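Let me begin by presenting the structure, written as structure tokens, before commenting on it.
Number of protein chains: 2
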Amino acid sequence: MLTENTVAQWGIFELELGGKSDGNPFLEVSLSAKFWNAEKEFLVPGFYDGAGTYRLRFMPDAQGEWHYSTSSNQVELNNIEGRFLVTPPDENKHGLVRVAHQYHFAYDDGTSYYPFGTTCYAWVHQTEELQEQTLQTLQAAKFNKIRMCVFPKHYPYNENEPDLHPFEKNAAGDFDFTRFNPEFFRHFEKRVQQLGELGIEADVIIWHPYDRWGYSQMDEESDYRYLRYLIARLSAYSNVWWSLANEYDFLLNIKPIARWERFFEILCEEDPYQHLRSIHNGNVNMNYDHTKPAITHVCIQNWDVKRTKEWRSTYKKPIINDEFEYEGNIPFAWGNISAQEVVHRFWIMVVNGCYAGHGETYEHPENILWWSHGGVLHGESWQRIAFLQQIMAETPVGGLTPIEDVWLWARVSGGVNGIYRLIYFGEHQPMFWWAGLPEGDNYAIDIIDTWNMTISPGALRPARIFMAKELYKDLPQFELVLPGKPYLAVRIREK
Amino acid sequence: MLTENTVAQWGIFELELGGKSDGNPFLEVSLSAKFWNAEKEFLVPGFYDGAGTYRLRFMPDAQGEWHYSTSSNQVELNNIEGRFLVTPPDENKHGLVRVAHQYHFAYDDGTSYYPFGTTCYAWVHQTEELQEQTLQTLQAAKFNKIRMCVFPKHYPYNENEPDLHPFEKNAAGDFDFTRFNPEFFRHFEKRVQQLGELGIEADVIIWHPYDRWGYSQMDEESDYRYLRYLIARLSAYSNVWWSLANEYDFLLNIKPIARWERFFEILCEEDPYQHLRSIHNGNVNMNYDHTKPAITHVCIQNWDVKRTKEWRSTYKKPIINDEFEYEGNIPFAWGNISAQEVVHRFWIMVVNGCYAGHGETYEHPENILWWSHGGVLHGESWQRIAFLQQIMAETPVGGLTPIEDVWLWARVSGGVNGIYRLIYFGEHQPMFWWAGLPEGDNYAIDIIDTWNMTISPGALRPARIFMAKELYKDLPQFELVLPGKPYLAVRIREK
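Here the protein sequences come in this chain order: A and B. Our numbering applies: residue 5 is where the first sequence begins, and numbers increase by one. Our numbering applies: residue 5 is where the second sequence begins, and numbers increase by one.
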């Protein structure tokens with residue numbers, strides 16, 4: 005007989021159990037469970053959720069009958085068994101995002117995922133009203149990833165005290181890093197859940213240096229306990245990505261490389277679903293060694309996006325330049341580039357087979373800056389990023405591979421995927437171009453104005469005489485007529 | 005008794021001699037002279053100028069009495085002696101341009117020289133009318149350097165046959181690399197002379213790969229003879245710079261590195277005045293080893309101008325990025341960037357203590373493209389480059405040193421020279437900026453619109469509260485109010 009419990013594939017099966025609330029359950033109680041079906045088994049960590057309540061959360065990756073059995077050092081939590089039925093996934097649920105085709109991403113069900121994310125570091129630490137507004141904006145702007153911190157943020161423009169903290173205070177009024185604040189985490193999870201419902205991946209930033217509460221200074225044991233608590237609470241949410249740090253290198257005096265390595269190990273060993281794992285630098289010369297196998301994809305901060313192909317060939321993994329500088333007008337150089345420049349950089353990176361992250365930092369009378377607080381968008385890049393995202397959604401599955409040929413493509417960005425070609429001219433403004441056309445004539449050509457967001461048909465004409473064929477032997481027979489202005493792209497597709 | 009011959013300092017004293025015209029004087033006749041005054045001596049090569057005429061040219065670098073004495077394997081050219089008087093230099097004559105302050109340039113008389121050059125590779129190979137027009141345009145546009153080839157150029161848009169060639173043809177109709185064509189060189193020298201009168205340095209490109217006449221394929225002996233003939237004819241012109249090649253790396257299959265090394269040696273040994281020496285790459289990854297002592301300054305081709313500081317710290321010499329891509333609309337990526345981008349890159353490089361070179365490649369109904377033919381300018385960058393040149397002319401003597409501080413200046417370009425500061429924001433558009441003000445209050449602040457070419461006074465206000473002083477301890481007390489739009493610069497000067 006099957007239990008009446010059912011859960012959709014890639015949804016969350018949650019087991020709530022009662023247990024002791026005295027002492028310090030966070031330190032004293034161990035809880036985990038095996039979950040299995042006919043084919044495989046997962047070891048799932050449980051957690052204490054306060055007030056004598058313990059939870060185990062499991063995300064089944066396959067339909068049909070599943071079983072579980074708990075283990076605990078507490079008799080009332082030990083050897084609890086059961087089974088449940090996993091039904092087809094909810095609409096628009098595709099499972100976890102994984103690395104695909106080496107440089108790109110796809111969901112578990114094979115659907116391509118092209119990250120077009122934004123950054124609202126401390127949005128879960130703002131007023132309820134502002135958080136709701138942020139969700140509405142995210143949905144309207146069509147972002148499909150968000151970088152967000154667990155810990156609150158202490159930084160210029162961002163000094164408000166959050167309502168909830170991830171730890172409880174002790175009698176002396178200091179945060180007690182052995183006692184998590186379940187209310188905080190329930191709130192955080194609600195936001196992760198809501199993002200998931202909007203199809204938005206939560207790129208959860210676990211540590212960061214901008215801190216006045218001591219979170220960045222925790223000792224090794226507290227750090228590991230905190231990481232394990234996050235795994236236990238969050239890993240059943242299919243839209244979670246683990247970002248070990250924003251700007252890990254500014255924390256090296258507190259957390260040396262060995263500790264970051266251990267964090268990666270713990271994630272590899274204890275996250276049942278192997279969510280994506282990354283770490284993000286501050287100084288451009290302080291990239292982590294992203295070639296290490298525990299790192300699933302490369303998150304970097306670098307403003308010189310003409311180096312995009314170098315990053316790709318150095319790391320041979322998906323690249324997301326999450327902080328190439330934000331649209332805005334604050335005095336920090338990382339937060340004051342023009343919308344035009346943001347859109348330009350996005351196109352360069354995406355057409356070269358990498359990905360980029362948005363942020364917005366316009367001065368605001370109440371210091372509500374999207375990059376940290378969320379709220380509403382004030383800039384002009386986000387619409388153009390959504391336009392590019394739509395163009396990428398129409399590419400063949402997978403992603404783009406940069407065209408490497410030196411003389412013609414080294415400066416103009418060209419990406420290919422089979423017969424599909426997307427060429428971005430950026431600051432280049434030719435009157436015509438040797439389009440690098442694929443074989444055959446069964447294709448359509450579009451000229452894309454990346455700023456004005458228009459797409460119009462392109463035309464070919466026979467290549468002209470003065471090509472100096474002895475210099476450029478491989479020139480195609482046809483050339484593409486272009487309007488001779490900057491910030492254009494060309495798309496070539498199968499008809 | 006002094007001879008009646010006089011010549012101005014840094015002018016040309018020329019001795020014309022008669023000799024044999026039979027056989028091959030270019031191969032058979034050796035001619036040189038010592039020139040000396042009370043303090044020093046120069047060994048000056050002579051050359052055959054055709055029709056039994058031999059010449060020796062000398063550029064005196066000091067006023068007063070000078071003497072000479074010739075040496076030749078021909079009795080009628082040997083042991084000819086004389087003396088002459090060197091008078092003060094003509095107005096606007098400052099001597100040769102030399103390296104100064106390690107990263108910059110100055111004339112012999114100490115006057116600062118900031119290179120703001122352009123490129124007209126084959127202008128001396130066009131019609132007389134077009135050449136005269138080019139000179140007028142150069143003067144109007146205020147360029148003070150031009151990259152120009154000795155040899156004609158064979159390239160798309162540039163296939164016209166020149167009227168004059170540097171070599172004579174033999175009976176079979178092939179160019180005879182043992183017989184120079186004096187008429188060609190007299191013409192070339194006239195243009196160098198005219199440039200000098202306009203205050204324009206002639207960056208003479210000795211070899212290049214774009215050739216259908218065989219000049220790029222000459223054997224070693226012919227190459228060395230050609231180089232020595234250039235030294236003998238041109239080195240007395242104070243405005244000559246030696247550029248061994250445009251795109252030497254595309255000639256490596258013909259001329260290996262050892263030959264380029266020998267060219268530098270010959271220049272070092274035989275150019276009496278030690279004109280500036282450089283060599284220019286084609287592929288961005290094929291920079292010559294510019295650290296070699298024979299190379300006075302670095303000429304590179306590289307479009308990623310965000311690397312400017314790297315070049316400076318790698319080579320520790322003056323840097324001129326002579327081909328960072330030209331303003332235009334032809335299909336070659338090196339010749340189709342927007343005027344805005346050209347001006348942007350110029351500012352980045354100059355404020356970071358380096359220099360840049362202009363070129364223009366707009367399609368033209370008669371294929372007259374400035375970059376190769378000269379003529380008139382059609383673009384919008386040259387006026388802005390002249391505007392920047394004027395700003396540099398008003399800097400304290402020397403040049404700019406980039407501000408290296410990581411957090412504030414790594415992305416925004418700042419250059420200093422004593423109390424003088426020039427800050428370029430480029431794509432950054434802050435509403436205010438921590439200006440990095442010098443000590444004291446005896447300075448004026450200007451806000452410069454680099455595109456619209458306006459200069460307006462800037463204002464300071466006390467730095468605001470939210471500076472997070474615990475994060476940014478060294479922030480100045482004042483902040484500079486800015487208009488929050490891109491492509492602005494700020495100048496801070498002593499009042």
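Glycine included, every Cβ here is placed at the ideal spot set by N, Cα and C. Keep in mind it's a predicted model, so treat the numbers as computed, not measured.
Minimum Cβ-Cβ distance from residue i to chain B less than 9 Å
i: A:E483; result: yes
i: A:E273; result: no
i: A:D308; result: yes
i: A:W500; result: A query on residue 500 of chain A cannot be resolved here, the shown segment of chain A reaching from 5 to 499 and no further.
i: A:W438; result: yes
i: A:R388; result: no
i: A:R151; result: no
i: A:I352; result: no
i: A:F62; result: no
i: A:I210; result: no
i: A:S342; result: yes
i: A:L19; result: no
i: A:P260; result: no
i: A:K313; result: no
i: A:R316; result: no
i: A:W338; result: yes
i: A:K296; result: no
Spatial neighbours of residue i in its chain, beta-carbon cut-off 6 Å, leaving aside the 5 residues before and after
i: A:G418; result: I407 and I427
i: A:D94; result: A12
According to DSSP, residues forming a beta bridge with residue i
i: B:P466; result: B:F482
i: B:T458; result: B:D453
i: A:C153; result: A:I209
i: A:W1; result: Residue 1 of chain A cannot be examined here, being either before or after the span of chain A that is shown, 5 to 499.
i: A:W245; result: A:D207
i: A:P49; result: A:S36
i: B:L426; result: B:G419 and B:R495
i: A:T318; result: Its beta-bridge partners do not exist; DSSP assigns none.
i: B:L60; result: B:L19 and B:G50
i: A:G121; result: A:K149 and A:G361
i: B:K173; result: B:F179
Burial state of residue i, where buried means 16 or more other Cβ atoms lie within 10 Å
i: A:G462; result: buried
i: A:D409; result: exposed
i: A:R311; result: buried
i: A:V401; result: exposed
i: B:D227; result: buried
i: A:T323; result: Note on identity: in this sequence residue 323 of chain A is Ile, with Thr being the wrong assignment. With 16 or more Cβ atoms within 10 Å of its Cβ, A:I323 is classed as buried.
Own chain, CB closer than 7 Å to residue i, minus 5 neighbours either side, in chain order
i: A:Y233; result: F51 and F184
i: A:M5; result: In this predicted model, A:M5 has a pLDDT of only 40, less than 50, meaning its place in the structure is not dependable enough to derive any value.
i: A:N287; result: D253
i: A:L255; result: W211, P213, S220 and A249
Contacting residues, own chain, Cβ-Cβ under 8 Å from residue i (five flanking each side not counted)
i: A:G430; result: H348, W351, I352, V416, S417, P490 and Y491
i: B:V485; result: M435, F436, G462, A463, L464 and R465
i: B:Q393; result: Y118, F120, K146 and N148
i: B:T405; result: Y107, G357, G419, V420 and N421
Chain A contact for residue i (CB, 9 Å cutoff)
i: B:P156; result: no
i: B:E345; result: yes
i: B:V244; result: no
i: B:N250; result: no
i: B:I449; result: no
i: B:G403; result: no
i: B:G99; result: no
CB contact check: residue i to chain C, cutoff 9 Å
i: A:I299; result: This model lacks chain C altogether, as its protein chains are A and B.
Closer than 8 Å: residue i CB and nearest the ligand NAP heavy atom
i: B:V309; result: For the ligand NAP, the structure offers nothing, since it holds no ligand at all.
What residues in the segment 417-435 of chain A have a beta carbon less than 9 Å from any beta carbon of chain B? From the segment 417-435 of chain A, only F429, G430, E431, H432, Q433, P434 and M435 have a Cβ closer than 9 Å to chain B.
Give me the subset of the segment 374-385 of chain B whose CB atoms are less than 9 Å from a CB atom of chain A, sorted by chain position. Those residues of the segment 374-385 of chain B that come within reach of chain A (Cβ to Cβ, closer than 9 Å) do not exist; the list is empty.
What are the residues of the segment 162-176 of chain A that lie near chain B, defined by any Cβ-Cβ distance shorter than 8 Å? When CB distances to chain B are screened at a threshold of 8 Å, the residues of the segment 162-176 of chain A falling below it are E163, in chain order.
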